[in-house]
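Protein chains in written order, with our numbering: chain A, 1 to 667; chain B, 668 to 799. For each residue, glycine too, the CB sits at the ideal point set by N, CA and C. Take a look at the structure set out below.
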């Protein structure tokens, strides 16, 4: 059975190589039958990878410890859901899983475009399959998931306890879907460059794919933060760790791309820039995988060490060299068809939004790689940690928050003073009032946080105003009642109003991040049973220690009674676990979440003899709004991804022009 | 714990390999957090300021222990670069967009005649997009 998996991977590699060769040859020779065979080969690659993944999954579920991978990342006492999650818990499996997602998306792309984009598709196949070749070659030649142990192990070493958490079931797949999803717009971008069909067809065709990728990158980042918050137990959710940055950077580039394509669609500008952004997004996803898997930087999220680094660097080098060469060759065709009339315009605002997003991505990249640069130049190891990223990215992030308010409502081409007054008077007043009110309420000390709250009020006001005016207009025009008018308003232009909803989610996340970063309260105390400690209005009483034991884990739970204003409101159990198989202790945080704040308790240490227990207590204000913001972003994306008739017509029209061009071209 | 103790802890990297700051590291049996915390407290008790304590630690453990690069010498590049890049990019945007104002050359075979019905359809679609 294992041999079947190994064989499937090897055949998949061969099929992928064939797909690339046939796609290029078919396109060059204009042989539709050859192109069709490349498509068939791409389907075959997908099928074979599905087989390989199924074989590995089966080996995991059957506890086949003769397999090195199964023995290294699972055990017979590991709960079944985590056995399945071990598929992406280790290096070989995660690369195979990546390949599975990539080839499955390739199949979907080919099915979607069976009768469309005839000129682009061969090169889309080429790009996707070249990426597949890279990952397949890694799994076949470098880090084989089907490697046998010389002597089968009796028992597995188990999955890292930190990964035995439900967020871990969904965080990596989500992030991978995001990463891999970015390769679809990239593949179409490359195809557009190769064929010289640089209109907006490739952008309109991949809009949903880009949103899909962005959606999963967003969720992946948030779930990762949530996982860190719950599992790592240091009271925070983001530490600017290299692996966190690895997931954050493609998200920034993808966000910039999502915005700047709108300028190309509406105004035929920024063609070159959009190509650069799609290239940047894709390379950052590969770079992210490299950071996670390459073993170059140490990280709390990196659960593998390996010598894959050089292969990733090589692949990145090839991707960048080919793309830059293509960009250079196609330069004349990428020239803008329109000019920017004024910076006080939608185009101008989007340019600066792009500048800030890419600027934050660059700052994050720079901080992540600077230790390597420092060591190379000065021979001195240094650390670039949270203080650096917070100092550099906070002002850029606040400027971005401001642009979220400005971008969507400022007029296209050129804003008049009247337009500015109409759109921004109320929001500016709202922002200033919020700031003054907060200062008046005695919230001093962290001015960044206050600026953030003021800007949040400003942005929310612009959005509410948009919904209000739109609804009023429909009421007046169509005579609809307010609720109906609102629903129709959103329905008529889902992309725009979906975008506003996403922005609301982003603003909520900003507020949660600013509040929890600036106004966190914490206390560490060593206690004896019966002791009470006061933290930010809560009285925490240590009642005693409980113990629990099962074949997989032994745990100790501190019973903490939580009182507020003299009234007991909860009993919480911060926990220490000891995973027997891996001989590794872990911390299980106890959390009490409300709209206002999280009470976050960590059992630091416990000394059985003296009965002394060290408790860490954190009060993290408004953290829940980060996750709520995430849910709002999900809703907004769902709204904006649903197709509208107008958009279908726009794509059809663009395709018609393109096909006509194709007819001329092939004559 | 005084504010400045926390402040210093947040400026130093834990040496257990976790990559977190001394303040944030909560690895069980972390061999480095406790001793570092004590050492910070001792240094602060001597009446030293935060920069003095940090330079003491950098001297003793090497620059690697500082959670962020120093703001002198080569390390200054770490701090300046992000803002410099954003600033230069902003200048570039302004310069490039000025250049666009010159008429762009007409390129490509797909510039159909004005009376092309498909082009008309596309134009109408885009105009609708503008109005929406």
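By a C-beta neighbour count over all protein chains shown, 10 Å radius and 16 as the cutoff for buried, is residue 380 of chain A buried or exposed?
exposed
For residue 128 of chain A, which residues of its own chain have a beta-carbon under 6 Å away from its beta-carbon, when the five flanking residues on both sides are left out?
106, 187
Is the Cβ-Cβ distance between residue 5 of chain A and residue 146 of chain A less than 8 Å?
yes
Could you say which of A:621, A:68, A:589, A:430 lies nearest to residue 153 of chain A if we only look at CA atoms?
A:68
Hey, quick one: how far does the alpha helix (DSSP H) through residue 315 of chain A stretch, first residue to last?
309-329
Check distances from the C-beta atoms of the region 346-380 of chain A to those of chain B and list, in chain order, the residues that come in under 8 Å.
351, 352, 355, 356, 358, 359, 362, 363, 366, 367, 370, 374, 377, 378, 380
Answer yes if the region 329-344 of chain A comes into contact with the region 264-283 of chain A, meaning at least three C-beta pairs across the two stretches below 8 Å, and no otherwise.
yes
Tell me whether the region 627-636 of chain A and the region 475-485 of chain A touch, counting them as touching only if at least three CB pairs, one residue from each stretch, are closer than 8 Å.
no
Taking only three categories from DSSP, how would you classify residue 717 of chain B?
helix
Give the secondary structure of residue 599 of chain A by DSSP, where H, G and I count as helix, E and B as strand, and everything else as coil.
strand
Quick check on DSSP: helix, strand or coil for residue 555 of chain A?
strand
Thinking C-alpha only, which one of A:558, A:517, A:410 is nearest residue 531 of chain A?
A:558
For the alpha helix (DSSP H) containing residue 267 of chain A, list its first residue and its last residue.
242-267
Rounded straight-line distance, which links the Cα of residue 184 of chain A to that of residue 283 of chain A
C-alpha separation (whole angstroms): 13 Å.
So with Cβ pairs under 8 Å, would you call residue 618 of chain A a contact of chain B?
no
Between the region 480-488 of chain A and the region 423-432 of chain A, are three or more C-beta pairs nearer than 8 Å?
Contact check between the region 480-488 of chain A and the region 423-432 of chain A: fewer than three CB pairs, one atom from each, fall below 8 Å, which does not count as touching.
Out of A:190, A:103, A:189, A:236, point me to the one whose CA is closest to residue 589 of chain A's CA.
Closest by alpha carbon: A:236.
Anything in the region 719-744 of chain B with a Cβ closer than 9 Å to a Cβ of chain A? List those residues in chain order, please.
729, 730, 731, 732, 733, 734, 735, 736, 737, 740, 741, 742, 744
Inter-stretch contact (C-beta, 8 Å, three-pair minimum) for the region 493-513 of chain A and the region 633-653 of chain A
yes
State yes or no: is the beta carbon of residue 307 of chain A nearer than 8 Å to at least one beta carbon in chain B?
no
Nonlocal neighbours in the same chain, by C-beta distance under 7 Å from residue 249 of chain A, ignoring five residues either side:
284, 288, 361, 364, 365
Going along the chain, which unbroken runs of the alpha helix (DSSP H) with 4 or more residues stay wholly within the region 446-518 of chain A?
Within the region 446-518 of chain A, the complete alpha helix (DSSP H) runs of at least 4 residues fall at 447-478, 482-492, 494-518.
Local conformation of residue 540 of chain A per DSSP, three classes:
strand
Can you look up residue 381 of chain A in the DSSP assignment and give me helix, strand or coil?
Correct three-state label for residue 381 of chain A: coil.
Give the C-beta separation of residue 126 of chain A and residue 20 of chain A to the nearest angstrom, bearing in mind that I take them to be a contact with Cβ-Cβ under 8 Å.
5 Å
Under three-state DSSP, which class holds residue 550 of chain A?
coil
Under 8 Å from the C-beta of residue 234 of chain A: neighbouring residues of chain B
687, 691, 692, 693
Can you have a look at residue 121 of chain A and say buried or exposed, based on whether 16 or more other CB atoms are within 10 angstroms of its CB?
Here residue 121 of chain A is buried, its C-beta having at least 16 other C-beta atoms within 10 Å.
Determine the direct distance from the alpha carbon of residue 450 of chain A to that of residue 437 of chain A, and round the result to whole angstroms.
10 Å
Short of 8 Å in beta carbon distance, which residues of its chain neighbour residue 350 of chain A, apart from the five on each side in sequence? Order them along the chain.
259, 260, 262, 263, 407
Which residues bound the beta strand (DSSP E) around residue 586 of chain A?
584-588
Taking one C-beta from the region 462-469 of chain A and one from the region 583-602 of chain A each time, how about it: are there three or more such pairs within less than 8 Å?
no
So residue 560 of chain A and residue 601 of chain A are in contact, right, with Cβ under 8 Å, and what is the actual spacing, rounded?
6 Å
Proximal residues to residue 514 of chain A (C-beta, below 6 Å), its chain only, five neighbours per side dropped:
449, 452
Using CA atoms only, rank isn't needed, just tell me which of A:538, A:178, A:585, A:544 is closest to residue 693 of chain B.
Taking only the C-alpha atoms, the option nearest residue 693 of chain B is A:585.
Start and end residues, beta strand (DSSP E) containing residue 437 of chain A
Residue 437 of chain A -> not in any beta strand (DSSP E); alpha helix (DSSP H) instead, spanning 417-440.
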